[in-house]
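Numbering (our numbering), first residue to last: 1089 to 1582. The C-beta atom is built at its ideal place from N, Cα and C for all residues, glycine as well. First comes the structure, then the notes that go with it.
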Ligand SMILES: Cc1ncc(COP(=O)(O)O)c(C=O)c1O
């Protein structure tokens, strides 16, 4: 009997005759039809049997030999390799695989696996989606970006080798000027490290500054994606209450193993407070006495309404304690994945090394595009335009809240940023999930505030229901309609 069952149909399938013959031989090896040591047909005989050219069969044999499945020697017939245990293990069912022992993870891996990291919001956006972090795609400066991108693309390069881990020199220089003008920061370009968004900046801080068992101060409520990074390091969370002015510096703790504090002084996330100068100075003094780092996440410092944006905390740090983080996620797009750190001199070399180990460097072309937009003034013009746009959206939101929602509704965080917090004193925090689900049922996406509070060791005072409403991706009309529908949902739930 022939060694091969002739397959029906035309020998040249969609993936080519060679691929089909390769698959056929592999499956015969797996089934034991071609056991270890088995003699293969000569390429000529197999080609004749399958009705393909001899070259096709020879190429398949060479591929199988290169992968170690066949042993060939010139003038000898090819044989199935014996020693490699070509017999493949029987395919396990899904439940058998699940029962098999779990892969071993590092301590960090186990902690990450155990974190309740929130999934992305539903893929299908709600009709009126107050999704915090989303921007209107029509706000992206497409033309300016396209022009600068083409220029960068056409610029001749010696070769396509890796770029410097710390970032493109042109962007670091441009950022140095921008940070001085816009955020009051006086730094050298050498202190700037370009990263993949604030998230990578925070992750690098957690890896480089915290050990398991250390402690870190964190605003409560606070930015969950940062908290999880620090928790993944195995460090202990020391939550400090944030009020309408930001972190309450009277409550900063003592702890032997305290290493750092993460804060959002320009616009506390999520409550929206702007940290007053007295608290800023107190925070710096506290960090100095405890030899702790301060991580300043200035995620949306550009968006302050009515007044000039307040200078960064880093600008009054005389002791080299503050690690400043900025991002392009709020003014341009979170999909760019570009942000930067301004580092105290002492931390520059190790952060550059860690960045290089993590992913070599941020995308070079995009960095050059950003540098040219900043240098040519287009970026700052865009930020000013976005500030005006978002001020209009914010005004429409506040007007709609005043018009449609019950009078005892309270709003926090309106002075800056791209979101507000809506407090509903007539509902309890436990009512948030039902309210969020009911609103989504009517086409309105709103997001609960409770997950942003640190788990309380004991039952604290009852909190009212709170919602985070991002408004940067909506038109003023959508904002009005969304709030009027939300008002109907709330009144049904009372
Ligand atoms: C407090 C805070 N920091 C940073 C960011 C931005 O992160 P990234 O730069 O990684 O996009 C956000 C975005 O939602 C945020 O809320």
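Mind checking whether the beta-carbon of residue i lies closer than 7 Å to any heavy atom of ligand 1?
i, result
"residue 1403", "no"
"residue 1221", "yes"
"residue 1417", "yes"
"residue 1387", "yes"
"residue 1285", "yes"
"residue 1301", "no"
"residue 1207", "no"
"residue 1357", "yes"
"residue 1149", "no"
"residue 1501", "no"
"residue 1422", "yes"
"residue 1322", "no"
"residue 1570", "no"
"residue 1192", "no"
"residue 1311", "yes"
"residue 1352", "yes"
"residue 1529", "no"
"residue 1427", "yes"
I'd like to know whether the C-beta atoms of residue i and residue j end up nearer to each other than 8 Å.
i, j, result
"residue 1442", "residue 1292", "yes"
"residue 1507", "residue 1557", "yes"
"residue 1270", "residue 1397", "yes"
"residue 1376", "residue 1407", "yes"
"residue 1575", "residue 1519", "no"
"residue 1106", "residue 1148", "yes"
"residue 1345", "residue 1310", "no"
"residue 1250", "residue 1425", "no"
"residue 1402", "residue 1254", "no"
"residue 1275", "residue 1281", "no"
"residue 1393", "residue 1482", "yes"
"residue 1524", "residue 1536", "yes"
"residue 1432", "residue 1411", "yes"
"residue 1381", "residue 1347", "yes"
"residue 1131", "residue 1456", "no"
"residue 1538", "residue 1223", "no"
"residue 1419", "residue 1390", "yes"
"residue 1113", "residue 1138", "no"
"residue 1413", "residue 1290", "yes"
"residue 1497", "residue 1510", "yes"
"residue 1493", "residue 1383", "no"
"residue 1319", "residue 1208", "no"
"residue 1568", "residue 1214", "no"
What are the boundary residues of the alpha helix (DSSP H) that includes residue i?
i, result
"residue 1146", "1142–1154"
"residue 1108", "1105–1119"
"residue 1483", "1466–1492"
"residue 1396", "Residue 1396 -> no alpha helix (DSSP H), and no H or E assigned at all."
"residue 1199", "1195–1202"
"residue 1573", "1564–1581"
"residue 1317", "1312–1320"
"residue 1274", "First-last for residue 1274: undefined, no H or E at that position."
"residue 1521", "1520–1529"
"residue 1132", "1131–1138"
Just curious, the beta strand (DSSP E) that residue i is in, first and last residue?
i, result
"residue 1507", "1507–1516"
"residue 1283", "1280–1283"
"residue 1270", "Here residue 1270 belongs to no beta strand (DSSP E); instead the alpha helix (DSSP H) covers 1257–1271."
"residue 1411", "1410–1415"
"residue 1329", "1324–1331"
"residue 1351", "1346–1351"
"residue 1361", "Segment: none, residue 1361 is in no beta strand (DSSP E) and carries neither H nor E."
"residue 1555", "1552–1558"
"residue 1384", "1381–1385"
"residue 1534", "It is not in any beta strand (DSSP E) - residue 1534 carries neither H nor E in the DSSP assignment."
"residue 1499", "1498–1500"
Closer than 8 Å, CB to CB, is residue i near chain B or not?
i, result
"residue 1320", "In summary, chain B is missing from the structure at hand, where a single protein chain is found."
For residue i, is the beta carbon positioned less than 7 Å from some heavy atom of ligand 3?
i, result
"residue 1523", "In terms of ligand content, the structure shown lacks ligand 3 and carries ligand 1 instead."
Ranges of the alpha helix (DSSP H) found wholly within the region 1425–1461, counting only runs of at least 4: Listed in chain order, they are 1436–1447.
Quick one: which unbroken beta strand (DSSP E) runs of 3-plus residues sit fully inside the region 1283–1309? Chain order, please. Restricting attention to beta strand (DSSP E) runs no shorter than 3 residues, the region 1283–1309 encloses them at 1303–1308, ordered along the chain.
Counting only runs that start and end within the region 1219–1260, where is the alpha helix (DSSP H) found for 4 or more residues in a row? 1230–1242
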